[in-house]
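S.K.:
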Amino acid sequence: MWKTLDLVRVYTKPRGLAPDYSQPVVLRRGKCSVDDFCSSIHKEIAKQMKYAIVWGASAKHSRGQKVGLEHILEDEDVVHISKK
């Protein structure tokens, strides 16, 4: 059984809407990059992604940080994916 410390909960934020805190995307620590996040939603999203904006512990700025696929997410981060 996994410990809760081994899991990272990531929330989605659709464009123009508030973050959806009702259904987090749950990733395992060590497999919690933006690429892993995209793949857990749909395998084509990472290919279509232009950049992601992240709010939370892994972001350098409280207003959000523009990141790429290699960015490592922390527990309770909020992610918005911008497509090409």
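According to the UniProt record's numbering, the sequence shown is numbered sequentially starting from 1.
Just so it is clear, CB atoms sit at the ideal spot from N, CA and C, and this is done for glycine as well.
Treat the numbers as computed from the prediction; the structure is a model and nothing was measured.
Suppose contacts are defined by Cβ-Cβ distances below 8 Å. Is residue 50 in contact with residue 84 by that definition?
M.R.: It is a contact, given that the beta carbons lie within the stated cut-off.
S.K.: Pull up the CB-CB distance for residue 8 and residue 73, whole angstroms please, since I reckon it's below 8 Å.
M.R.: Right, the Cβ-Cβ distance comes to about 6 Å (below 8 Å), so this counts as a contact.
S.K.: Using CA atoms only, rank isn't needed, just tell me which of 5, 25, 24 and 77 is closest to residue 53.
M.R.: It is 77 whose Cα lies nearest to the Cα of residue 53.
S.K.: Evaluate residue 58 with the Cβ neighbour count: other Cβ atoms within 10 Å of its Cβ, from every protein chain shown; 16 or more gives buried, anything less gives exposed.
M.R.: Classification of residue 58: buried, given that the 10 Å Cβ count is 16 or more.
S.K.: Using the Cα positions of residue 17 and residue 64, report the straight-line distance between them to the nearest angstrom.
M.R.: Their backbone Cα atoms lie some 15 Å apart in a straight line.
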